[in-house]
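*Asks:* The structure follows.
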Amino acid sequence: MEMKKDNIVKVSIEEDVAEIVSGFGRYQRWQCLLAIVPVICTALSNTNFVFAAAAIDYRCAVPQCEVNNATFATPGWWPTNVSDTRCSRPVYSSNSTCDPGDYDHVEECDLWIYDTRNSIVNEFNLACHEWKRTLVGTVHNLGVLISMPLMGYVSDRWGRRKAIILSGLCLATGALKTLAGTGHDAYFTYIVIEFFEAVLVTGTYTTCFVLSKIFNFTNLNFIPNIR
18 MEMKKDNIVK VSIEEDVAEI VSGFGRYQRW QCLLAIVPVI CTALSNTNFV
68 FAAAAIDYRC AVPQCEVNNA TFATPGWWPT NVSDTRCSRP VYSSNSTCDP
118 GDYDHVEECD LWIYDTRNSI VNEFNLACHE WKRTLVGTVH NLGVLISMPL
168 MGYVSDRWGR RKAIILSGLC LATGALKTLA GTGHDAYFTY IVIEFFEAVL
218 VTGTYTTCFV LSKIFNFTNL NFIPNIR
């Protein structure tokens with residue numbers, strides 16, 4: 018008995034694979050869940066600088082007038098006609114008393130009392146240097162700008178799975194910021210580490226996004242890119 022050619026159905030391997038990876042079934046949901054994990058870790062890393070470089074309140078400290086456990090609140094001996102309590106310090110004529118009306122002149126402040134100690138502002142003594150505090154975010158975003166095309170090249174050259182693993186390992190770069198030390202001199206070390214952390218980690222976003230699109234497309238041109 019001869020089989021008619023019209024009844025013969027040819028199915029290529031590419032079509033089989035396309036049928037498996039198309040739509041949003043159990044396989045796609047599992048892949049999406051796996052992609053979310055590195056994205057969440059990267060998000061935590063990328064938003065860390067927002068809290069680390071948060072603006073905090075502070076005032077200038079006058080050593081001869083301060084008491085033990087001095088607070089951020091403006092003390093009673095502070096001259097009422099010296100409105101700048103942050104970057105200006107009244108110099109009193111007497112070293113023993115601090116009378117609000119008994120000061121000679123005002124000089125630039127070099128010692129501060131902070132309202133909280135949960136910021137790099139007090140860690141690196143960035144008081145009265147607002148541009149240094151905001152520079153952290155600028156450097157981070159510059160690293161993000163470089164990271165995305167760089168990680169795109171790595172993904173196309175060595176595969177997206179390897180790119181995600183590499184970015185995940187580089188999350189440890191952020192821990193190096195704790196070794197930068199304290200004081201004004203350690204600030205630039207912190208800035209350099211912040212830049213490289215953004216460069217090495219942020220590309221996870223784009224890599225996971227491309228993978229999520231691949232797992233939902235039926236276009237066979239995407240099949241060779243799954244590695």
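By the count of my numbering, the sequence shown reaches residue 244 at its end, each step adding exactly one. Idealized CB from N, CA, C, for every residue including glycine.
Are leucine 183 and glutamine 48 touching if we call contact CB-CB under 9 Å?
*Replies:* Cβ atoms of leucine 183 and glutamine 48: not closer than 9 Å.
*Asks:* So if DSSP puts glutamate 125 in a beta bridge, which residue, or which two residues, is it bridged to?
*Replies:* Beta-bridge pairing links glutamate 125 to Ser105.
*Asks:* On a CA-only basis, which of Ala72, Val108 and Val67 is nearest glycine 154? Give me that one, please.
*Replies:* Of Ala72, Val108 and Val67, the residue nearest in Cα terms is Val67.
*Asks:* Could you tell me the alpha carbon to alpha carbon distance between glutamate 125 and glutamate 83, rounded to whole angstroms?
*Replies:* Approximately 17 Å, taken between the alpha carbons.
*Asks:* Is the beta carbon of threonine 195 less than 9 Å from the beta carbon of proline 55?
*Replies:* No, they are not a contact pair.
*Asks:* Suppose contacts are defined by Cβ-Cβ distances below 9 Å. Is tyrosine 75 in contact with isoleucine 163 by that definition?
*Replies:* Their beta carbons are not under 9 Å apart, which means tyrosine 75 does not touch isoleucine 163 by this criterion.
*Asks:* Quick one, are the C-beta atoms of cysteine 115 and tryptophan 94 less than 9 Å apart?
*Replies:* In this structure, tryptophan 94 lies closer than 9 Å to cysteine 115 by Cβ.
*Asks:* Does the Cβ-Cβ distance between isoleucine 137 and alanine 192 come in under 9 Å?
*Replies:* Cβ atoms of isoleucine 137 and alanine 192: not closer than 9 Å.
*Asks:* Rounded to whole angstroms, what is the Cα-Cα separation between asparagine 98 and asparagine 142?
*Replies:* So the two alpha carbons sit approximately 26 Å from each other.
*Asks:* Quick check on isoleucine 53: buried or exposed, where buried means 16 or more other Cβ atoms within 10 Å of its Cβ?
*Replies:* So isoleucine 53 counts as exposed.
*Asks:* Among Thr91, Asp101, Cys225 and Ala71, which one has its Cα closest to the Cα of arginine 134?
*Replies:* Comparing Cα-Cα distances from arginine 134 to each of Thr91, Asp101, Cys225 and Ala71, the minimum goes to Ala71.
*Asks:* Please say whether leucine 152 and isoleucine 208 have beta carbons closer to each other than 9 Å?
*Replies:* The answer is yes: Cβ separation under 9 Å.
*Asks:* Helix, strand or coil: which one does DSSP assign to glycine 134?
*Replies:* Per the sequence shown, the amino acid found at residue 134 is arginine instead of glycine. The answer is coil: DSSP assigns arginine 134 none of H, G, I, E or B.
*Asks:* Looking at the structure shown, is cysteine 187 part of a helix, part of a strand, or coil, going by DSSP?
*Replies:* In the structure shown, cysteine 187 sits in a helix (DSSP, three-state: H, G or I).
*Asks:* Quick one: does proline 80 have its CB under 9 Å from some CB of chain C?
*Replies:* Looking for chain C here will not work: only one protein chain is present.
*Asks:* Here's a check: name, in chain order, each residue in its chain whose Cβ is nearer than 7 Å to the Cβ of tyrosine 120, leaving out the five neighbours to either side.
*Replies:* Result list for tyrosine 120: Pro96, Pro107, Val108, Tyr109 and Ser110, in chain order.
*Asks:* Please state whether DSSP places cysteine 82 in a helix, a strand or coil.
*Replies:* In this structure, cysteine 82 counts as coil in the three-state DSSP scheme.
*Asks:* Closest to asparagine 65 by CA distance: which of Thr224, Glu214, Cys225 and Gln45 is it?
*Replies:* If we check each option's Cα against that of asparagine 65, Glu214 comes out closest.
*Asks:* In the DSSP assignment, the beta strand (DSSP E) including cysteine 145 goes from what residue to what residue?
*Replies:* Note, cysteine 145: premise wrong, no beta strand (DSSP E); not H, not E.
*Asks:* Determine the extent of the beta strand (DSSP E) in which cysteine 58 is found, giving its start and end residues.
*Replies:* Looking at the DSSP string, cysteine 58 is not in any beta strand (DSSP E); the run it does join, the alpha helix (DSSP H), is 43 to 69.
*Asks:* Taking the beta carbon of glycine 180 as the centre, do at least 16 other beta carbons fall within 10 Å, making it buried, or is it exposed?
*Replies:* Strictly speaking, residue 180 in this sequence is alanine, with glycine absent from that position. With 16 or more Cβ atoms within 10 Å of its Cβ, alanine 180 is classed as buried.
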